[in-house]
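Asker: All letters in the sequence shown, in the order written, are residues 287 to 430 by this note's numbering.
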Amino acid sequence: MESCNCRRNVSATAVPVETLINRFPSCGIITVSARICDVDCKANNSFISILYGDDINQNNSFVFTSAAPGLPTYEHVSGGGIGMILTAAGQASGVNFYEHAVLSNIHFLHETIIGNAICSIILTSNGRTFEVPGCIFTNLENKN
287 MESCNCRRNV SATAVPVETL INRFPSCGII TVSARICDVD CKANNSFISI LYGDDINQNN
347 SFVFTSAAPG LPTYEHVSGG GIGMILTAAG QASGVNFYEH AVLSNIHFLH ETIIGNAICS
407 IILTSNGRTF EVPGCIFTNL ENKN
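Printed below as a string of structure tokens:
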């Protein structure tokens, strides 16, 4: 039986962010929390959640949760550090973003030249797309 290796806890809390909703500019406040596991673990060992409150249209606000995100893909970042790319299927609750949702892209940057960050978030639900094309800075902890 494989052991579960969950050493990365990432969070960014109540961060102002520029977003795209169906490719139209918007802005709001985002909170991202994740526990990233290196091997296939039980659902209760890994998770990702996103809480977004839209300042322009509250109908675009949502909560996304996934109890079993995919395994991360690791890449070395120019200038030093590690990038972790993750995808996840989960549930969204909101007016425009609800029920089944797919987080098709999220990059976690660790110990890079710009620090620790979450970048390039893309989430789709019910034919609508939510994007954070830039980066938000985070707290990332190693749990060894």
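We put the CB at the ideal spot given by N, CA and C, even for glycine.
#1: Is A298 closer than 8 Å to V318 when the C-beta atoms are compared?
#2: Suppose the cutoff is 6 Å on Cβ atoms and the five residues either side in sequence are ignored; what does the same chain contact list for S335 look like?
#3: Taking L389 as part of the beta strand (DSSP E), name the residues at either end of that continuous run.
#4: Could you tell me whether the region 383–401 touches the region 411–418, using the rule of 3 or more Cβ pairs below 8 Å?
#5: By Cβ distance below 7 Å, which residues in the same chain neighbour I422 in space, the five residues on each side in sequence not counted?
#6: Helix, strand or coil for N412 per DSSP?
#7: Please classify N345: does DSSP put it in a helix, a strand, or coil?
#8: Leaving out five residues on either side along the sequence, give the residues of the same chain with a beta carbon under 8 Å from the beta carbon of I342.
#9: Classify N345 as buried or exposed, calling it buried when 16 or more other Cβ atoms lie within 10 Å of its own Cβ.
Answerer: Working from what's here:
#1: Yes, the Cβ-Cβ distance between V318 and A298 is below 8 Å.
#2: Closer than 6 Å at the Cβ level, and outside the excluded window around S335, lie S319 and T351.
#3: Start and end: E385 to T398.
#4: The region 383–401, when compared against the region 411–418, does touch it at the 8 Å Cβ threshold.
#5: In chain order, A298, V301, V303, I316, A403 and I404 place their CB closer than 7 Å to the CB of I422, counting only its own chain and leaving out the 5 sequence neighbours on each side.
#6: Coil, per DSSP.
#7: Here N345 sits in helix by DSSP.
#8: The answer, listed in chain order, is S312, C313 and G314.
#9: Within 10 angstroms of the beta-carbon of N345 lie fewer than 16 other beta-carbons, which makes it exposed.
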